[in-house]
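>
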Amino acid sequence: MYNDILVPTDGSESSTAAVNQAIAIAEPHGATVHFLHVIDVGTEMSAPGNVAPELTKTLEQEASDVLGRAEAQAEDAGITAERTVLEGTPHEAIVGYCDDRTIDLVVMGASGRSGLKDHLLGSTTDRIIRSVDISVLIARP
733 MYNDILVPTD
743 GSESSTAAVN
753 QAIAIAEPHG
763 ATVHFLHVID
773 VGTEMSAPGN
783 VAPELTKTLE
793 QEASDVLGRA
803 EAQAEDAGIT
813 AERTVLEGTP
823 HEAIVGYCDD
833 RTIDLVVMGA
843 SGRSGLKDHL
853 LGSTTDRIIR
863 SVDISVLIAR
873 P
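Take any residue in the sequence shown, note its place counting from 1, add 732, and you have its number in the working numbering.
(1) Count Cβ pairs between the region 801-812 and the region 820-833 that sit closer than 8 Å; are there 3 or more?
(2) For L837, tell me which candidate among G743, A750, D742 has the shortest Cα-Cα distance.
(3) Give every residue of the same chain whose Cβ lies closer than 6 Å to the Cβ of T816, excluding the five residues on either side of it in the sequence, and list them in chain order.
(4) Which residues mark the beginning and the end of the beta strand (DSSP E) in which T816 is found?
(5) To which residues does DSSP link T741 through a beta bridge?
(6) Give the DSSP bridge partners of T764, in chain order.
(7) Alpha carbons only, please: which of M733, V798, G762, N735 is nearest the one belonging to R746?
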């Protein structure tokens, strides 16, 4: 039923739950899990020359660490995994990733690291649900 599962992950507790769910779903289907981390440098910082090289390096290292943990977990379960880092607005990058590939299912956390734990659903998650034409599974820790 599922061949390609996308998991947008930021290393938060909620997205870690999404990684676990995606791996559990991928196993019986033999699906590939696509782990995606979006570096959101914000509109003010995204202009050329405005992002300090140290910040860029830190964000890239964080992305690599988050994706590395997810990929290792998938591989330990015998799941084929791909990892991608994109820069941009998270919901736009996630929707674009889905549009450019044959993603069958998006598995994502109910909220990310934005600190908005009082909201029922994170804003990025809400935007994805409204923007893609495929199933979206919301994972809670």
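Beta carbons: idealized from backbone N, C-alpha and C, even for Gly. Predicted model only: the values in this text are computed from it and were never measured.
On the basis of the coordinates in this document:
(1) Flag = no, the region 801-812 and the region 820-833 do not touch.
(2) Its Cα nearest to that of L837, the residue A750 stands out among G743, A750, D742.
(3) Result list for T816: L768, in chain order.
(4) Counting along the chain, the beta strand (DSSP E) containing T816 begins and ends at 813-819.
(5) DSSP, once it has assigned bridges, lists no residue as partnering T741.
(6) D736.
(7) Per the sequence presented here, residue 746 reads as Ser, with Arg not at that position. S746 has its Cα closest to that of V798, out of M733, V798, G762, N735.
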